[in-house]
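For reference, the structure discussed in these notes is given below.
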């Protein structure tokens, strides 16, 4: 894993943002605001979303035609939910200009890299690498995206190793994210998926379980702690079903590890083994403290 | 479960706050600020904590003698960690004035009610009911307590049914919390412990598990979601070992239910049963939405 930040040297004349929701919208806005790109054409499936995005100045132009969005674009960003990304790449393939950079923002990389690489097989002349910008919220849509700033956040870039120009595409994708003030880190798609299973997908599954198990009589007895712990459960079930199923192997392995850990904790509690309980809680507190050392207080 | 708020009609001439940390400190400050109590004597085991509490104006007087703190007090609040509460009650018993109201702020009620009732067996002339003010943070100590405001928060009051004056004590305890702007709800200690296992103790156990299972290589890949979900794991392992062990039966039952739920989720994922995965995620999202309907946006 290597990281670097270098905001210089990337410009594009036209970016096609295919999907302008929370993440796509925030990226579009940053590209325009920072002067990285003169024109950002947004592709929409719903007129209402298009109106909202235009009203917030997230794109310079909106269209419901993929062809119109990608024609003449030197950057194409696939920014829908995980399942829609490969079919979008397939629809766009024929209209891509030579040397165009194609990337996506999906939370799972292995399956997407494979499927998008397959979709772009007939276009070895375009550049493709996968991306995962690591920020967001439990909110959705362009209006929420308008308030989200990628500056200082991390984007993981995962090369599509089966393609001839994998390295060139990855380098250019890193430059794209750096141009809007993001840090980048490069990972193999499989390593990304294994680690994100623990840092994002498992927490989502667990937050949902905690929320749905709460007896309704206990609603009034929840405080900040419960709300923090279950906040991500508010995220779209549709989008998260796609993410968890697209990374099912790694998420299942993380769930198995979590179940094993919880059984050990339950056993210690059942035996009133206070030392074991304390030791496990201390390990959790230490791990969290390790994370907090790496960030400003307001984000902890 | 019944709730009411009535801030009128409760005053005390002297409150003894036995333990002036996050919760005890915030209550002391509210009692003084709202003019409920002229004198709040804090009992401390460490001189440093006493200095901090006095510097923040959390108590009007500090002492390291239990006798001095409780002498002449008409309200005594046991505000230490769970394990120290019963021995404190035992030490204070002989020095309590007739008709004094004794309550505690422990996160577990069954065991505390039993033990404190036993400690006060020789003092049927004092009033005792258990309490659990439902607010806090992952921070500790009087300096953090000075920034914490109980206004608008909920206090659960659990009667000590084995005592002759259980009802009178519960009513007076409710009036105490209402005098500092809190809402109150009355619950049986066992019902409190069963419900809090789901709304607070299980989330704590789970947040710790998520934090300690994170591979260190994934530290850089954590974002807001992971930090929210594991925030409470930053809480004191010592205090939480006491809480979880004092409520071990109910917490173990909640852990069993959670493990069962996670196994079902893992099974659905392993079979790529997208409908079942979606249904479980939807149930989590719906439960959280139910909670959010009951509170202002900034707390969600």
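Residue numbers (the numbering used here), protein chains in the order written: chain L, 1 to 300; chain Y, 301 to 600. By construction, the Cβ of each residue, glycine as well, lies at the ideal position given by its N, Cα and C atoms.
Whole-angstrom Cβ separation of residue i and residue j, contact assumed at under 8 Å?
| i | j | result |
| --- | --- | --- |
| residue 103/L | residue 151/L | At roughly 19 Å, the Cβ-Cβ gap does not stay under 8 Å, so residue 103/L and residue 151/L are not in contact. |
| residue 75/L | residue 166/L | Not a contact, Cβ separation roughly 17 Å. |
| residue 40/L | residue 63/L | Not quite, the Cβ-Cβ distance comes to about 11 Å (not below 8 Å), so this is no contact. |
| residue 198/L | residue 169/L | Contact doesn't hold; Cβ gap of about 27 Å is too wide. |
| residue 16/L | residue 70/L | 4 Å |
| residue 373/Y | residue 400/Y | 6 Å |
| residue 19/L | residue 79/L | 4 Å |
| residue 578/Y | residue 237/L | 6 Å |
| residue 219/L | residue 588/Y | That pair is no contact at about 11 Å. |
| residue 338/L | residue 569/Y | No answer is possible for residue 338/L: the residues shown for chain L start at 1 and end at 300. |
| residue 163/L | residue 250/L | Rounded, the Cβ-Cβ distance is 23 Å, inconsistent with contact. |
| residue 58/L | residue 42/L | 7 Å |
| residue 407/Y | residue 500/Y | 7 Å |
| residue 262/L | residue 559/Y | 5 Å |
| residue 10/L | residue 140/L | Not really, about 28 Å apart at Cβ, beyond 8 Å. |
| residue 265/L | residue 505/Y | 6 Å |
| residue 337/Y | residue 366/Y | Their Cβ separation, rounded to whole angstroms, is 19 Å, which puts residue 337/Y and residue 366/Y out of contact at 8 Å. |
What first and last residue would you give for the beta strand (DSSP E) that runs through residue i?
| i | result |
| --- | --- |
| residue 155/L | 154 to 159 |
| residue 18/L | 12 to 18 |
| residue 185/L | 183 to 186 |
| residue 402/Y | 401 to 404 |
| residue 129/L | 127 to 133 |
For residue i, which residues does DSSP report across the bridge?
| i | result |
| --- | --- |
| residue 522/Y | DSSP output for residue 522/Y lists no bridge partner at all. |
Go to residue i, then tell me how far its alpha helix (DSSP H) extends in each direction, as first and last residue.
| i | result |
| --- | --- |
| residue 265/L | 248 to 270 |
| residue 178/L | 166 to 179 |
| residue 108/L | First-last for residue 108/L: undefined, no H or E at that position. |
| residue 193/L | 189 to 196 |
| residue 285/L | 274 to 292 |
| residue 142/L | 142 to 145 |
| residue 96/L | Residue 96/L -> no alpha helix (DSSP H), and no H or E assigned at all. |
| residue 504/Y | 502 to 513 |
Unbroken alpha helix (DSSP H) runs of length 4 or more, entirely within the region 307 to 384 of chain Y: which are they? 322 to 333, 347 to 355 and 366 to 370
Is there contact here, the region 316 to 328 of chain Y with the region 442 to 456 of chain Y, by at least three beta-carbon pairs under 8 Å? yes
Sufficient close CB pairs (3 or more, under 8 Å) joining the region 520 to 532 of chain Y to the region 127 to 138 of chain L: yes
Count the C-beta pairs between the region 551 to 566 of chain Y and the region 387 to 399 of chain Y that are closer than 8 Å, then say yes if the count reaches three, no if not. no
Is it a yes or a no for the region 508 to 515 of chain Y touching the region 181 to 190 of chain L, going by three-plus beta-carbon pairs under 8 Å? The region 508 to 515 of chain Y makes no contact with the region 181 to 190 of chain L: fewer than 3 CB pairs, one atom from each, lie closer than 8 Å.
With three or more beta-carbon pairs closer than 8 Å as the criterion, would you say the region 529 to 537 of chain Y touches the region 580 to 590 of chain Y? no
Whether or not the region 379 to 386 of chain Y and the region 538 to 551 of chain Y are in contact is what I'm after, with contact meaning three or more pairs of Cβ atoms, one per stretch, closer than 8 Å; do they touch? yes
Touching or not, the region 449 to 463 of chain Y and the region 406 to 418 of chain Y, by the rule of three or more beta carbon pairs under 8 Å? yes
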